[in-house]
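First residue of the sequence shown? That's 56 in my numbering, and the numbers climb one at a time after it.
Below: one structure, written as structure tokens.
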Amino acid sequence: MIPTLEVKPLPYTSLPGLSENQLKQHHDVLYGGYVKKVNEIQGKLKDVDLSEANATFSMVRELKLEETFAVDAVKLHEGYFANLGGNGQASGPVLDMINEDYGSYHRWEQDFRAAGMGSRGWVVLAYDLDWNVVHNFSLDAHNFGDIFNAIPLFILDVYEHAYFIDYGTNRKDYISAFMQNANWDYVNGIVEKYGLVNRRKMMKKAA
Ligand SMILES: [Fe+2]
């Protein structure tokens with residue numbers, strides 16, 4: 056069962072190029088709202104009449120469908136806020152993986168930024184556990200475009216709510232501000248947490 060969730064606090068108040076108001080509304084209202092909805096859905100699923108399940112309309116269908124929207128929204132937002140607050144300088148094992156799989160950091164960054172301009176929801180640099188590569192994935196909504204067996208490493212929110220207060224329609228400059236605040240130490244922490252460097256070595260040897 057999914058545990059009862061709590062809002063994770065924002066580890067900073069403002070960032071260069073991202074105002075306190077922008078971050079606070081995004082964190083407290085949007086992300087906080089998704090946390091509440093996950094808990095609400097879990098509560099309703101306990102009492103829903105399973106015998107009425109129907110793929111055109113039924114409460115169980117609606118709850119299970121919106122559960123994916125709300126859960127993905129929580130996970131993606133927690134990664135997004137956590138991978139900000141750094142100096143923007145990529146380093147460590149994640150940089151090695153990017154260089155190996157994309158040829159260079161510059162090439163990867165071009166791809167990541169373009170994915171950000173072309174997506175309606177998110178861009179996620181993820182480590183794929185089946186192919187042992189890092190790859191930029193675009194998601195058009197929290198629950199549209201997600202990939203199984205892939206660990207999100209670095210997450211960019213391109214929903215308008217992420218930048219409209221500070222940038223209006225200027226998404227390009229928002230993405231630049233996002234990149235300047237990237238917290239690659241946090242990203243390398245995920246690589247370490249899941250043992251991805253050793254996994255990659257072992258899987259490449261075995262291939
Ligand atoms: Fe968001």
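No residue lacks a Cβ here, since even glycine has one placed at the ideal position from N, Cα and C.
For F233, the number of other beta carbons within 10 angstroms of its own is at least 16, and it is reported as buried.
Judged by DSSP in its simplified three-state form, D212 adopts strand. When the alpha-carbon of D212 is set against those of N236, I220 and Y135, the nearest one is in Y135. Here D221 really is in contact with Q77; their C-beta atoms are around 5 Å apart, less than 8 Å. Taking every residue with its beta carbon within less than 6 Å of a heavy atom belonging to ligand 1 gives, in chain order, H81, L85, H132, D212, Y214, H216 and A217.
CA-CA distance, D156 to N198, rounds to 26 Å.
One thing to note: L194 has its Cβ within 9 Å of the Cβ of L131. In this chain, the beta strand (DSSP E) harbouring D183 covers W177 to D183. Counting only residues of its own chain and dropping the five nearest sequence neighbours on each side, E133 has a CB closer than 8 Å to the CB of K63 and Y86. Our two residues, N142 and D151, have alpha carbons roughly 18 Å apart in a direct line. Taking the Cα positions, N109 is about 21 Å away from A125. In the assembly as shown, F203 is an exposed residue. Its beta-carbon has fewer than 16 other beta-carbons within 10 Å. Assignment of N253 by DSSP, reduced to helix, strand and coil, places it in the helix class. Boundaries of the alpha helix (DSSP H) harbouring S231: R226 to Q235, taken from the DSSP string. Going by DSSP, F192 is part of the beta strand (DSSP E) stretching over V188 to L194.
Bridge partners of P66 according to DSSP: none are assigned. The alpha helix (DSSP H) runs lying completely inside the stretch 82-148 and spanning 4 residues or more are 87-102 and 114-137, given in chain order. DSSP places H161 inside the alpha helix (DSSP H), whose first and last residues are Y160 to G173. By the beta-carbon neighbour count (other beta carbons within 10 angstroms, threshold 16), S74 is exposed.
Apart from sequence neighbours up to five positions away, the residues of its chain that approach G147 with a beta-carbon distance below 6 Å are N243, ordered along the chain. A Cβ-Cβ separation of about 20 Å leaves L139 out of contact with Y182 under the 8 Å criterion.
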